[in-house]
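Visitor: Sharing a structure, written as C-alpha cells. Questions coming.
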Amino acid sequence: MKRTHHCNELRPSHAGETATLCGWVHSRRDLGGVIFIDIRDREGRTQTVFDPSDLAPELFALAGSLRSECVVSVTGKVRARPAGTNNPKIATGEVEIHASSLVVLNYAEVLPFPVDDPETAAKVNEELRLQYRYLDLRRPEMARNLRVRSKAATATRVFLDEQGFLEIETPTLFKSTPEGAREFVVPSRLHPGQFYALPQSPQQFKQILMVAGVERYFQLARCYRDEDLRADRQPEFTQVDIEMSFIEREDLYSLVEGLLKRVWSTALGMDIPTPFPRISFQEALNRFGIDKPDTRFGMELVDLTEDFRASAFKVFSGTIAQGGVVKAINAKGMAGATQGQIETMTDYAKSFGARGLAFIKVEKGEWKSPIVKFFGDVEKEALRSKLGIEEGDLILFAADQWLNACEILGKIRLYCADILKSQGKLVIPPNRFNFLWVVNFPLLSFDKEQNRWYSSHHPFTAPVDDDIPLLTTDPKQVRGQHYDVVVNGVELGGGSIRIHQPDMQKMIFEQILQIPSDLVKARFGYMLEAFRFGCPPHGGIALGFDRLVAILCGTTSIRDVIAFPKTAKGTCLMTDSPASLEPKQLRDLHLECRVPQKD
RNA sequence: GGGGGUGUAGCUCAAUUGGUUAGAGCGCUGCCCUGUCACGGCAGAGGUUACGGGUUCGAGCCCCGCCACUCCCGCCA
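So in the working numbering, spot 162 of the first sequence is number 229, and the numbers just go up one at a time.
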C-alpha cells in the first residue's frame with residue numbers, strides 16, 4: 068500500500084515506472100470493457116485504467132464495485148495516454164496508471180451531497196455542509212482555504228521570528244472583566260461559586276509581558292466573545308496579537324506593513340506596496356463617511372455647508388444654523404434607482420435619526436427632485452461643479468450634525484456601490500487590495516444615557532502627547548494613539564500605544580472613566596501595581612486572522628476559512644454543541660440550572 | 001432583543017389564481033457498452049412539501065404558531 072506519489076505528481080517523464088497512489092475515488096467511468104477511475108488526494112487527481120484483458124476477473128469486478136469517495140490504493144505502471152486522449156483540464160492529464168492491483172481501504176456510502184463537482188457543491192445548503200464538514204472540507208476550494216490559512220500562519224510566525232519576536236502563550240482561563248464584550252464563563256469545581264472567563268483578547272497579559280521585559284511578543288491567540296454572530300464574526304476567533312516595547316506609532320506601522328507584505332507574497336505571490344496611506348479618523352469620515360473606508364472606488368462625500376448656509380431651503384440652512392452640515396454624494400449611473408432602493412436608503416437615513424433623504428435624479432437633461440425648486444441658480448451651479456453632475460447621476464444629500472451626516476452618506480455610499488456592482492456599472496478587480504491606516508481616533512466618546520465618558524478603543528490607549536492637557540478641560544478633543552489597519556473597507560486590526568505610567572492609567576480609570584477606586588483595584592490592581600515596578604513604554608496591535616485569511620481567499624464569510632465554524636446561533640451542527648450536562652457534573656461544579664435541560 | 005430571506009426527492013431547483021396522480025436535471029439501483037474524463041444508452045426506485053394548528057369542498061401555495069439555516073440592526077471596551 069505504500070504510496071509512492073501523490074495525485075498531482077505524475078508526468079510523461081514518469082512513464083515506465085511503477086507507482087502506487089492512495090486516495091479517494093473521485094469519479095468512475097465504467098465503459099463495460101474498460102474502467103477508468105480517477106484517484107483524488109489533497110494534491111490533485113490522476114486517472115487509473117482497469118483493463119480486463121490483463122487483470123484477474125475478481126480484480127476487475129472489484130474495480131467495478133467502487134463508488135464515489137471509496138478509499139483505495141492503486142498500483143500500476145505509469146504510461147503516457149494514447150494519442151488524442153489527453154485531458155488538458157488536469158495537471159496529470161497526459162498520463163495514466165495502468166492498474167495491476169487495487170486495494171480497497173474503505174468503502175464509502177452514498178454521500179449526502181456531491182463533493183466532486185465544484186459548481187453544484189458550492190450551492191449546497193450551508194447547514195448540510197456544516198453537518199458534514201469533513202465532506203465539505205474535501206472539496207478542493209475548501210482544502211485550498213485551509214492551505215492558505217496555514218501558509219499565512221507560517222509566514223506570520225517566520226516573519227515575526229526574524230524580527231526578534233517571541234511567541235508566548237497566555238491563559239485561556241482568565242477572569243471576568245465586565246467592560247467590553249460579553250464573556251464566556253467557566254465554572255470552577257475547586258472554588259464553589261467562582262468562575263473563570265475566557266479572554267476576549269490577551270490584552271492585559273501582553274502588556275504585563277512588556278513589564279516582564281519580553282520586549283517583543285506575539286501569539287496566534289484564540290479569543291472568545293459571547294456576542295451575536297455575523298458573517299465576519301464567530302464566538303471563537305483568532306488574532307495575530309503583537310506587542311512591542313520602546314516604540315512609537317511609526318515603528319508599529321512599518322512592522323505590520325512588512326508582515327502583511329510577507330503574508331501576501333507567501334500566500335498569493337503578490338507584492339503589496341508599502342508604506343500604506345495614513346488617513347485621520349476625521350478625514351475618513353469626511354470623505355467616506357466611515358472609519359474603515361473602502362477606497363477602491365470614488366463616490367466620495369462632498370461638503371456643501373457653505374453653499375447652503377443662506378439657502379432658501381430651510382431644511383438645509385436651518386440645520387447649518389444649528390451647527391450642522393450639508394453633505395452629498397454623486398452616485399454616478401444610478402438615476403434609474405427604483406422606488407424600493409430610494410426607500411431603503413431613506414430608511415438608512417432615518418435609522419440615524421434623520422427625517423428623510425433628499426435626492427436629485429438627473430434624467431433626460433432634467434433634475435428630477437422634490438427639493439430642487441427651492442434652490443437658487445448659485446446653489447445649483449455649486450452642486451453642478453462640486454459634484455460633477457452629469458446625465459444619469461443620482462445625488463443624495465444628508466443634512467445633520469457632522470458625524471451623523473457623514474455616517475448616513477457612508478452607509479448609502481456602500482449600498483450604492485453594491486447596486487452598481489450588481490449592475491456591472493462598477494467593476495473592482497478581485498486582486499485589488501487597498502490598505503490604509505486610520506489614525507488619530509478620539510480617545511473618548513460620551514455616553515449620553517449614562518452621562519459619562521467611555522474609551523473609544525480600550526482604557527489602556529495612550530492619548531496623543533500634545534492633547535494630554537485637554538483630558539481634564541475638553542475630553543472630546545483628545546486624540547488617542549490608536550490606529551486601525553483597513554483593507555478594502557474591512558477592519559483588519561487595531562491597536563495603540565499604551566499608557567505605561569501608573570498615575571496616568573489610574574487617572575484615566577478613576578477620573579475620566581469614573582470607575583470607582585475599589586473596582587479599579589479589584590479588576591486592574593495587579594496591572595497598576597506591575598506598572599509601578601518599571602514598565603517600558605509599549606504598544607501593539609491585534610489583527611483579525613480569520614478576516615485576513617478570508618480576504619486572501621476572496622470570501623466574505625470567515626466560516627469558509629475556519630475548519631469547524633459555529634452557526635449564526637453559535638452551535639456546531641456536526642458535534643451538536645453546546646449540550647446539556649449530567650446532573651452529577653452540575654453538582655461537581657456547584658451549579659443549578661433554572662432552565663429545563665434539553666436532552 | 002428586532003427586521004428581512006430561505007426551507008418541496010439524497011443534491012440543486014420547478015409547480016399559473018388555492019384545483020386531477022407534486023415535476024425536471026444531477027445522484028442512486030439494475031441491465032448494456034473497450035478510450036472515457038460532466039462517458040453514453042435503456043429501464044427503475046425514491047416525497048409526512050421542516051414541524052404543529054387553522055381557513056376551505058379542496059392547501060406545497062392563504063392565516064396563526066414553532067423550529068432550523070442565513071443576512072442585517074442592536075451588540076462586538
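Note that the Cβ used here is the ideal one computed from N, Cα and C, for glycine as well.
Whole angstroms is fine: what's the gap from residue 101's alpha carbon to residue 151's?
Guide: If you take the alpha carbons of residue 101 and residue 151, they lie about 17 Å apart.
Visitor: In this structure, does DSSP put residue 457 in helix, strand or coil?
Guide: It is coil, neither helix nor strand.
Visitor: Could you give the first and the last residue of the continuous beta strand (DSSP E) run that contains residue 608?
Guide: Unbroken beta strand (DSSP E) run through residue 608: 605 to 611.
Visitor: Measuring straight from C-alpha to C-alpha, what distance separates residue 149 and residue 555?
Guide: Computed Cα separation, rounded: 49 Å.
Visitor: Within 10 Å of its beta-carbon, does residue 83 have 16 or more other beta-carbons around it, so buried, or fewer, so exposed?
Guide: Residue 83 comes out exposed.
Visitor: Would you report the Cα separation of residue 105 and residue 116, rounded to the nearest angstrom?
Guide: C-alpha separation (whole angstroms): 9 Å.
Visitor: Starting from the Cα of residue 574, find the closest Cα among 562, 560 and 591 and give me that residue.
Guide: Measuring from the Cα of residue 574, the nearest candidate turns out to be 591.
Visitor: The beta strand (DSSP E) that contains residue 560, what's its start and end?
Guide: Run containing residue 560: 557 to 564, per the beta strand (DSSP E) assignment.
Visitor: On the three-state DSSP scale, how would you describe residue 100?
Guide: Looking at residue 100 - three-state DSSP - the assignment turns out to be coil, as it is neither helix nor strand.
Visitor: Within this structure, are the beta carbons of residue 129 and residue 171 separated by less than 8 Å?
Guide: Cβ atoms of residue 129 and residue 171: closer than 8 Å.
Visitor: Give the straight-line distance between the Cα atoms of residue 119 and residue 127, rounded to the nearest whole angstrom.
Guide: When rounded, the distance between both Cα atoms is 6 Å.
Visitor: Please look up how many angstroms separate the CB atoms of residue 271 and residue 248, rounded, as I've assumed it's under 8 Å.
Guide: Rounded, the Cβ-Cβ distance is 14 Å, inconsistent with contact.
Visitor: How far does the beta strand (DSSP E) with residue 143 in it reach, from first residue to last?
Guide: Residue 143 -> beta strand (DSSP E) spans 138 to 147.
Visitor: Tell me where the alpha helix (DSSP H) around residue 533 begins and ends.
Guide: Run containing residue 533: none; DSSP gives neither H nor E here.
Visitor: Could you name the residues that DSSP lists as bridge partners for residue 397?
Guide: Answer is 462, bridged to residue 397.
Visitor: Check residue 221 in the structure and name its three-state DSSP category.
Guide: Three-state result, residue 221: helix.
Visitor: For residue 310, which of helix, strand or coil comes out of DSSP?
Guide: Strand at residue 310.
Visitor: Which class does residue 252 belong to by DSSP, given the choice of helix, strand or coil?
Guide: Residue 252: strand per DSSP, three-state reduction.
Visitor: Please tell me whether residue 510 and residue 523 are closer than 8 Å, where the distance is taken between their beta carbons.
Guide: Taking 8 Å as the Cβ cut-off, residue 510 and residue 523 qualify as a contacting pair.
Visitor: Could you give the distance in angstroms between the alpha-carbon of residue 666 and the alpha-carbon of residue 423?
Guide: With a pLDDT of 49 at residue 666, under the threshold of 50, the modelled position of that residue is not reliable, and no figure is offered here.
Visitor: Pick out whichever of 253, 287, 527 and 545 has its Cα sitting closest to the Cα of residue 566.
Guide: Measuring from the Cα of residue 566, the nearest candidate turns out to be 527.
Visitor: Go ahead and pull the three-state DSSP assignment for residue 378.
Guide: Of the three classes helix, strand and coil, the one that applies to residue 378 here is coil, per DSSP.
Visitor: Could you spell out where the beta strand (DSSP E) holding residue 513 opens and where it closes?
Guide: Where residue 513 is concerned, the enclosing beta strand (DSSP E) stretches over 511 to 514.
Visitor: With DSSP as the reference, label residue 579 as helix, strand or coil.
Guide: Here residue 579 sits in helix by DSSP.
Visitor: For my contact list, residue 386 and residue 467 are in at a C-beta cut-off of 8 Å; report their separation, rounded to the angstrom.
Guide: Yes, residue 386 and residue 467 are in contact; Cβ-Cβ is about 6 Å, under 8 Å.
Visitor: At the level of alpha carbons, what is the spacing between residue 597 and residue 518?
Guide: Each residue's alpha carbon lies about 31 Å from the other.
Visitor: With a threshold of 8 Å on Cβ separation, who are the neighbours of residue 384 within its own chain once the five nearest residues in sequence on each side are excluded?
Guide: Within the same chain, residue 384 has close Cβ partners 375, 376, 377 and 378.
Visitor: Count Cβ pairs between the segment 159 to 179 and the segment 594 to 610 that sit closer than 8 Å; are there 3 or more?
Guide: With a cut-off of 8 Å, the segment 594 to 610 and the segment 159 to 179 do not count as touching, because too few Cβ pairs lie within range.
Visitor: Short of 6 Å in beta carbon distance, which residues of its chain neighbour residue 469, apart from the five on each side in sequence? Order them along the chain.
Guide: Cβ neighbours of residue 469 beyond the five flanking positions: 392.
Visitor: Note the first and the last residue of the continuous beta strand (DSSP E) segment covering residue 286.
Guide: First-last of the beta strand (DSSP E) with residue 286: 283 to 291.
Visitor: How is residue 385 classed by DSSP in three states: helix, strand or coil?
Guide: Three-state result, residue 385: helix.
Visitor: Based on the DSSP secondary-structure assignment, which residues constitute the bridge partners of residue 425?
Guide: DSSP, once it has assigned bridges, lists 464 as partnering residue 425.
Visitor: Only counting runs of 4 or more residues, tell me where the alpha helix (DSSP H) segments fall wholly within the segment 148 to 193, in order along the chain.
Guide: Taking only runs of at least 4 residues, the alpha helix (DSSP H) segments lying wholly in the segment 148 to 193 are 185 to 190.
Visitor: Is the separation between the beta-carbon of residue 399 and that of residue 460 shorter than 8 Å?
Guide: Yes, these two residues count as a Cβ contact at 8 Å.
Visitor: To the nearest angstrom, report how far apart residue 646 and residue 245 are at their CA atoms.
Guide: In a straight line, the C-alpha of residue 646 is about 26 Å away from that of residue 245.
Visitor: Between the segment 626 to 641 and the segment 197 to 208, do three or more beta carbon pairs fall short of 8 Å?
Guide: Cβ pair count under 8 Å is three or more, so yes.
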